[in-house]
Every structure is written in C-alpha cells, then in structure tokens.
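The structure appears below as structure tokens.
In this note's numbering, the protein residues as written are 237 to 597.
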C-alpha cells in the first residue's frame, strides 16, 4: 500500500502542476523535479521531438550527477535509447546499459535507463527519460511512468498550442489589417485548447484534470444542497497481463472500448466519466445515493463483461472490471474530498482482493 500511496501522490502532483503551469518548460521542469525528489532518481529528463529539424530537444532535466544534458540541448533523431523509443513508439527498460548495444552515454556512471514515449492522439510528442547509477533502478516502475506519460500528453499538447498561439499573436501585431480574421482563428484555437485540456487523448472521456475540477465543483454544490454524491472507481482486471500478452496497441483498443462502454451506461448530463490514470476510470454521480450508485455500478460491470473482449491471460478468458463505490453527503458526513476518493479507492482494493469482477462499497 505504501507504493500505491506514493504513486497516487506523484500522479496528483503531476496533475496539479499541469493545471497551474501553462508554459511548457517551467511546467516540465517542475514535473522532472517532482519525480526525482519523490523517488530519489538521479536523472530525469523530458524531451520533445522537433520533426522539421529531425532532432530531440531537451525541455527539462533534473540531475544529481555530471551530465552535458541541459534544457535546450539538441541531438539528431534516431540515436541512442531515446532514439529507439522515438522510432518505435514503445518504452525501453534497460537494467544494465553496458549490455545494451544502442546506448549512448549522457550521464557519468549510468547503469540503468528507462525511456517511455508520450503520445497524444496517436502522435509522439515527447519522451520521458530516466537514468541511474544503480543497476535495475527502474524495475517495476514502467506502469507508473506510462501513467505519468498519459497525464503529460494533454498538458504538453496544451502548452505547445499556447506557444503557437503566442507566436500567432506576435504576427498579428504586425498585420493589423488581418486582425478580425485572426481573432476568429484565435477564438477557435482557444476553444480547441479547452477541449484538449479537459479530454483524455486516448479514450475521449474526461481527463484527470477535468475530473478534479468537476469533483471540487460538485462537492461544494452537494454541501450547499445537502445532496448525496457518489463516486465509482473502476479498474480493468489483469490489465498488465493483457498488455504483456496482446501488446500495447491491443491494450489501447481495450481502454477505448471499456471507456465507451462505461460512457454509454451513464445517461445523465451531470454524470462524469473520466480516465483517472492508466487502466483506472472514475465515474462521478451527483445527486445519487448509495442504492442508485450500486445499480449504476452493476450495470457498468455487466456491460463490460458482456463485451466479451478476449483476455488471453485472465482466469475467465475475457476482460472484466472491478468497481469501488463511495457515497457522501458533504459536509454532514465529516469527510473531505480526499477522504471521499480514498474511500472509493479502498473499496476498489477490496473488490480486487476478494476476486475481481465485482462491485464493493
């Protein structure tokens, strides 16, 4: 549970930074600092891709050892482990870089490295790179870093779009005759930015940032009206096994189909379906008591099971989900939003611990 708490804390921190910072490099620098500080990693870098120049550009780096890498550092595409990740779009975990033929030394005394791609709408936008002087320093961290990469995708796309908008604004100042047409274009871009910043790039449902903002609004509203608020935390059972057996492309398709199934099972406009991180989804149900929430949860669980998505490494042979449920009437119950989420997460843990493919509250 300590590892689980640490993962939740860093995911919350990444989401908070992405919400507060809109400029690309300051945002990414705070994120690399947070990752290095939380896990005592010696080298954490976020690298974007400049397709026109066919180069990598280091946007942020946090390091405790000697290295030539710095913000603004550029290198040609196709070289090293980062180049391999950019070329294949797949993560690379190396327990001992001395045994890896494509390794290019960027940090003195490096022994292990983990590179994770950051995709947005199917396009590679960045690479998250970690190195350590310790052997096998990143074993069992791939899943966490892939979840971090998922959260970063929308934030990077948003920040890059903001940079593009600022460049456009600078050009508009020199071309006053085109001001009206340019303002219309800017308004459209801002609308697109809002959609990108609130939507998960892979599944199309709300992202973690939008969920956090909506939960805060609904919590305050429920406190004023003394209405019940329910939360479902949903986790795809044995999803890591699914990815290992079927590949990441099939895993992405599984996430999309489950998200669509959950969304189709929730009918009210006020209800919110969001990707909470990795294979985990959240459903926020305003004005919903525990009895009604259990009915919604069972409907979702049954519909996902009825998809009959083949799972080659699950006991039942197909994809299922586990659901944890929490209901509160703030502030009457004396709980806060953190307690509310932890209650649903604890119920989810109980559902998985007692057999999976069930609803627990």
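Where a beta carbon is used, it is the ideal one built from N, C-alpha and C, also for glycine.
Fair warning: this is a prediction, and the values are worked out from it, not measured in the lab.
Buried versus exposed call for residue i [16 or more other C-beta atoms within 10 Å across all chains shown]
i: residue 315; result: exposed
i: residue 579; result: buried
i: residue 479; result: buried
i: residue 428; result: exposed
i: residue 387; result: buried
i: residue 256; result: exposed
i: residue 433; result: buried
i: residue 332; result: exposed
i: residue 250; result: buried
i: residue 577; result: buried
i: residue 276; result: exposed
i: residue 471; result: buried
i: residue 454; result: buried
i: residue 335; result: exposed
i: residue 404; result: exposed
i: residue 587; result: buried
i: residue 485; result: exposed
i: residue 444; result: buried
i: residue 518; result: buried
i: residue 383; result: buried
i: residue 473; result: buried
i: residue 536; result: buried
i: residue 550; result: buried
Pair within 8 Å by beta-carbon distance, residue i and residue j
i: residue 320; j: residue 328; result: yes
i: residue 390; j: residue 353; result: no
i: residue 490; j: residue 438; result: no
i: residue 303; j: residue 343; result: yes
i: residue 512; j: residue 469; result: yes
i: residue 540; j: residue 555; result: yes
i: residue 297; j: residue 281; result: yes
i: residue 464; j: residue 525; result: yes
i: residue 543; j: residue 493; result: yes
i: residue 288; j: residue 242; result: no
i: residue 367; j: residue 346; result: yes
i: residue 271; j: residue 246; result: yes
i: residue 458; j: residue 318; result: no
i: residue 529; j: residue 520; result: no
i: residue 362; j: residue 401; result: no
i: residue 560; j: residue 584; result: yes
i: residue 514; j: residue 379; result: yes
Integer Cβ distance of residue i from residue j, believed to fall under 8 Å
i: residue 371; j: residue 350; result: So it is not a contact: roughly 13 Å between Cβ atoms.
i: residue 360; j: residue 300; result: The Cβ separation is near 28 Å, so there is no contact.
i: residue 562; j: residue 461; result: Not really, about 18 Å apart at Cβ, beyond 8 Å.
i: residue 267; j: residue 253; result: 5 Å
i: residue 534; j: residue 595; result: 6 Å
i: residue 356; j: residue 392; result: 7 Å
i: residue 348; j: residue 374; result: 6 Å
i: residue 410; j: residue 260; result: The pair is not a contact, with the Cβ atoms about 24 Å apart (cut-off 8 Å).
i: residue 278; j: residue 369; result: 6 Å
i: residue 441; j: residue 501; result: Actually they are not in contact, since the Cβ atoms of residue 441 and residue 501 sit about 12 Å apart, beyond 8 Å.
beta-carbon residue i near the ligand SAH non-hydrogen atom, thresh 7 Å
i: residue 465; result: In the structure shown, the ligand SAH is absent, as is every other ligand, since no ligand is present at all.
DSSP three-state assignment for residue i, whether helix, strand or coil
i: residue 237; result: Residue placement at residue 237 is poorly supported in this model, since its pLDDT is 45, which falls under 50; the coordinates are not used for a value here.
i: residue 394; result: helix
i: residue 419; result: helix
i: residue 530; result: helix
i: residue 512; result: strand
i: residue 553; result: coil
i: residue 368; result: strand
i: residue 471; result: strand
i: residue 342; result: coil
i: residue 359; result: strand
i: residue 520; result: strand
i: residue 560; result: strand
i: residue 501; result: helix
i: residue 565; result: coil
i: residue 350; result: strand
i: residue 373; result: coil
i: residue 506; result: coil
Below-8 Å beta-carbon distance, residue i vs any chain C residue
i: residue 485; result: Protein chains in the displayed structure number just one, and chain C is not present.
### Message
Give the list of continuous beta strand (DSSP E) stretches no shorter than 3 residues that lie fully inside the region 247-332.
### Response
279-286, 291-299, 310-312, 328-330
### Query
For the region 423-466, which segments carrying the alpha helix (DSSP H) assignment without a break, of at least 4 residues, lie completely within its bounds, in sequence order?
444-461
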